[in-house]
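Numbering (the numbering used here), first residue to last: 121 to 205. These notes are about the structure you will find just below.
Here is the structure:
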């Protein structure tokens with residue numbers, strides 16, 4: 121069975137690498153936002169991460185969870201889409 125090397129057969133996967141990075145960055149941003157908010161509200165929140173997530177969405181909207189996400193997207197997506205190891 122022939123060995124498939126990244127340089128010869130994965131060039132068609134580059135857009136998928138970029139989409140995977142965008143998905144991971146958005147998930148990490150969501151968790152990081154909730155974690156930071158919980159740290160700032162020490163002793164005030166007794167609901168855990170899910171309760172804090174619901175509280176942020178109810179009071180400030182879904183967009184607040186992803187505030188500032190454009191910079192990591194702009195930096196990571198092109199880098200990952202062109203890098204193939």
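Where a beta carbon is used, it is the ideal one built from N, C-alpha and C, also for glycine. As the structure is a prediction and not an experimental result, all values here were calculated from the model.
Measure the C-alpha to C-alpha separation of residue i and residue j and round it to an integer number of angstroms.
i	j	result
residue 175	residue 149	17 Å
residue 187	residue 160	17 Å
residue 153	residue 202	29 Å
residue 183	residue 146	12 Å
residue 196	residue 185	19 Å
residue 144	residue 167	25 Å
Compute the distance between the beta-carbons of residue i and residue j, then report whether it is under 8 Å.
i	j	result
residue 193	residue 142	yes
Between which residues of its own chain and residue i is the CB-CB distance below 8 Å, once the five residues before and five after are set aside?
i	result
residue 178	none
Exposed or buried, which one is residue i when buried takes at least 16 other CB atoms within 10 Å?
i	result
residue 190	exposed
Take residue i and list the residues in its own chain whose beta-carbon comes closer than 7 Å to its own, dropping the five residues that flank it on each side.
i	result
residue 157	172 and 176
Using a Cβ-Cβ distance cut-off of 8 Å, determine whether residue i contacts chain C.
i	result
residue 190	Reference to chain C is not applicable here, since this structure consists of a single protein chain.
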